[in-house]
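Inspection log for the structure reproduced underneath, given as structure tokens.
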Amino acid sequence: MVVVYLGICWFVGIWFASLFSSGPLVWFAGGIGLTVPAFLLRRRQAGLVLAGCASLCLGGARYAVAQPTIDETHVAFYNDQGGEVGLLGIVVREPDVRDSYVNLRVAVERLTFTDGTTRMVTGDVLVRANRFPVVPYGAQVGVNGRLQTPPEDETFSYKDYLARQGVYSTMSQARVSILAEGMGNPLLHAIFAFKQKAQDTINRLIPDPEAALLSGILLGNDNGIPPDLAEDFRTTGLTHIIAISGFNIAILIAI
0 MVVVYLGICW
10 FVGIWFASLF
20 SSGPLVWFAG
30 GIGLTVPAFL
40 LRRRQAGLVL
50 AGCASLCLGG
60 ARYAVAQPTI
70 DETHVAFYND
80 QGGEVGLLGI
90 VVREPDVRDS
100 YVNLRVAVER
110 LTFTDGTTRM
120 VTGDVLVRAN
130 RFPVVPYGAQ
140 VGVNGRLQTP
150 PEDETFSYKD
160 YLARQGVYST
170 MSQARVSILA
180 EGMGNPLLHA
190 IFAFKQKAQD
200 TINRLIPDPE
210 AALLSGILLG
220 NDNGIPPDLA
230 EDFRTTGLTH
240 IIAISGFNIA
250 ILIAI
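Numbering of the sequence shown is given in numbering that gives the first Met the number 0, commencing with residue 0 and proceeding in unit increments.
Rendered as structure tokens:
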């Protein structure tokens with residue numbers, strides 16, 4: 000139970016740090032300062048309280064460290080400035096392919112402005128582009144469009160959703176050109192190649208919509224599921240069946 004209490008305090012510290020803009024050193028100093036007396040009093044109730052407070056501070060430090068520094072060297076610094084810019088970067092995640100468009104996560108290396116000046120920057124951008132040409136993982140791409148801050152409203156914050164994934168900029172209706180391929184992690188290249196082979200095999204052996212359903216359960220690719228079938232899953236509260244999970248894989252293996 001002690002681990003459970005400490006874990007709860009850790010998450011409370013993350014929540015507190017999201018409300019207050021304290022630097023990581025403040026949280027870290029508090030965590031280390033409380034850890035020593037907590038260890039000395041570990042057999043007493045006060046020791047557990049101090050350990051919980053230390054875990055809370057260290058959780059806050061973890062959150063503070065994870066926040067990027069948005070300055071001239073970060074691509075998000077140039078959000079919402081009106082004009083188009085050019086990005087040079089690498090696709091660092093598997094492309095999220097939809098019916099008429101594709102979402103690409105691009106790790107930006109260089110930014111080019113309309114006057115021709117360039118700046119070396121860091122940070123990832125979620126790029127929405129046309130479905131074709133097909134852009135693979137690990138491709139070096141040139142992207143043109145407007146950098147924007149992800150939107151948020153009263154019901155949902157897309158900005159916070161992407162921030163949890165380390166993305167602070169989006170670019171819609173972008174124009175993408177492939178400059179080179181084969182970059183990125185070789186292990187991920189192998190995994191995505193195997194996944195594509197499995198997808199091709201499913202499509203060859205099983206007709207739709209069964210093939211689309213199996214692809215969602217086994218490969219996590221639910222883009223091919225017909226809208227009416229997806230709506231049926233939502234109506235019956237069974238959309239979790241489509242999501243890839245260890246439990247789903249165990250069912251398939253057992254069958």
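Even for Gly, the Cβ is constructed at its ideal location relative to N, Cα and C.
In the DSSP assignment, find the beta strand (DSSP E) that holds Q172 and state where it starts and stops. Stepping through the sequence shown from its first residue, residue 172 is reached at position 173. Counting along the chain, the beta strand (DSSP E) containing Q172 begins and ends at V166 to A179.
Taking the beta carbon of V107 as the centre, do at least 16 other beta carbons fall within 10 Å, making it buried, or is it exposed? If you number the sequence shown from 1, residue 107 lands on position 108. With 16 or more other Cβ atoms within 10 Å, it is buried.
If you draw a straight line from the C-alpha of D221 to the C-alpha of A45, how long is it? Looking up residue 221 in the sequence shown gives position 222. Looking up residue 45 in the sequence shown gives position 46. Taking the straight line joining both Cα atoms gives about 51 Å.
According to DSSP, is L237 part of a helix, a strand, or is it coil? Taking the sequence shown and counting its residues from 1, one reaches residue 237 at position 238. Looking at L237 - three-state DSSP - the assignment turns out to be coil, as it is neither helix nor strand.
Quickly, what does DSSP pair E151 with across the bridge? List them, please. By one-based count along the sequence shown, residue 151 stands at place 152. Bridge partners of E151: S156.
Please check the pair A128 and V96, which I expect to be a contact at CB under 8 Å, by giving their CB distance rounded to whole angstroms. Translated into the one-based positions of the sequence shown, residue 128 becomes position 129. Translated into the one-based positions of the sequence shown, residue 96 becomes position 97. Not quite, the Cβ-Cβ distance comes to about 11 Å (not below 8 Å), so this is no contact.
Does the distance from the C-beta atom of I241 to that of G223 stay below 8 Å? Against the sequence shown, residue 241 aligns to sequence position 242. Against the sequence shown, residue 223 aligns to sequence position 224. No, Cβ-Cβ distance for I241 and G223 is not below 8 Å.
Can we count E230 as close to the ligand HEM, meaning its CB is less than 7 Å from some heavy atom? Looking at this structure, you won't find the ligand HEM or any other ligand, since it has none at all.
Opposing strand residues paired with R109 [DSSP bridges]: The residue labelled residue 109 in the question sits at position 110 within the sequence shown. DSSP output for R109 lists L87 and M119 as bridge partner(s).
Cβ of C56 within 8 Å of Cβ of W14? The sequence position of residue 56 within the sequence shown is 57, counting from 1. The sequence position of residue 14 within the sequence shown is 15, counting from 1. Going by C-beta atoms, C56 is not nearer than 8 Å to W14.
Express the C-alpha separation of A162 and V3 in angstroms, rounding to a whole number. Residue mapping note: residue 3 aligns to position 4 of the sequence shown, counting from 1. Residue mapping note: residue 162 aligns to position 163 of the sequence shown, counting from 1. Straight-line Cα distance between these residues: approximately 27 Å.
Can you say whether D123 is buried or exposed, counting buried as having 16 or more other CB atoms within 10 angstroms of its CB? Residue numbering aside, residue 123 sits at position 124 when the sequence shown is read from its first letter. Its Cβ being crowded by 16 or more others within 10 Å, D123 is buried.
How is D95 classed by DSSP in three states: helix, strand or coil? On the sequence shown, residue 95 is found 96 positions in, with the first residue counted as 1. Of the three classes helix, strand and coil, the one that applies to D95 here is strand, per DSSP.
Roughly how many whole angstroms lie between the Cα atoms of A63 and E209? Counted from its first residue, the sequence shown places residue 63 at position 64. Counted from its first residue, the sequence shown places residue 209 at position 210. Spanning the two alpha carbons is a distance of roughly 46 Å.
Residues of its chain near A138, where Cβ-Cβ distance is below 6 Å and the 5 sequence neighbours each way are ignored: Here residue 138 refers to the residue found at position 139 of the sequence shown. Only V90, I177 and E180 meet the Cβ criterion.
Residue interval of the beta strand (DSSP E) (run including Q139): For this step, residue 139 is matched to residue 140 along the sequence shown. Here the beta strand (DSSP E) through Q139 covers Q139 to G144.
Evaluate contact between the stretch 187 to 207 and the stretch 152 to 159, counting only Cβ atoms and requiring at least three cross-stretch pairs below 8 Å. no
Per DSSP, which residues does L125 bridge with? Please list them. In the sequence shown, residue 125 corresponds to position 126, counting from 1. DSSP, once it has assigned bridges, lists R104 and T169 as partnering L125.
Under 8 Å, do V84 and F112 count as touching if we go by C-beta distance? On the sequence shown, position 85 is the one that residue 84 refers to. On the sequence shown, position 113 is the one that residue 112 refers to. In contact: V84 and F112 (Cβ atoms closer than 8 Å).
Return the chain-ordered list of same chain residues with a C-beta closer than 8 Å to the C-beta of Q147, the five sequence neighbours on each side being excluded. Taking the first residue of the sequence shown as 1, we reach residue 147 at position 148. Cβ within range, chain order: N78, D79, S168, T169, M170 and S171.
Start and end residues, alpha helix (DSSP H) containing R203: In the sequence shown, counting from the first residue as 1, residue 203 sits at position 204. First-last of the alpha helix (DSSP H) with R203: P185 to L204.
At the level of alpha carbons, what is the spacing between L110 and H239? By one-based count along the sequence shown, residue 110 stands at place 111. By one-based count along the sequence shown, residue 239 stands at place 240. Looking at the two C-alpha atoms, the distance is approximately 40 Å.
Going by alpha carbons, who is nearest to R130 out of D114, K158, V105 and V101? As a working mapping, residue 130 is identified with position 131 in the sequence shown. The option with the nearest alpha carbon to R130 is V101.
Start-end ranges of the beta strand (DSSP E) lying completely within the stretch 23 to 71, minimum 3 residues: none
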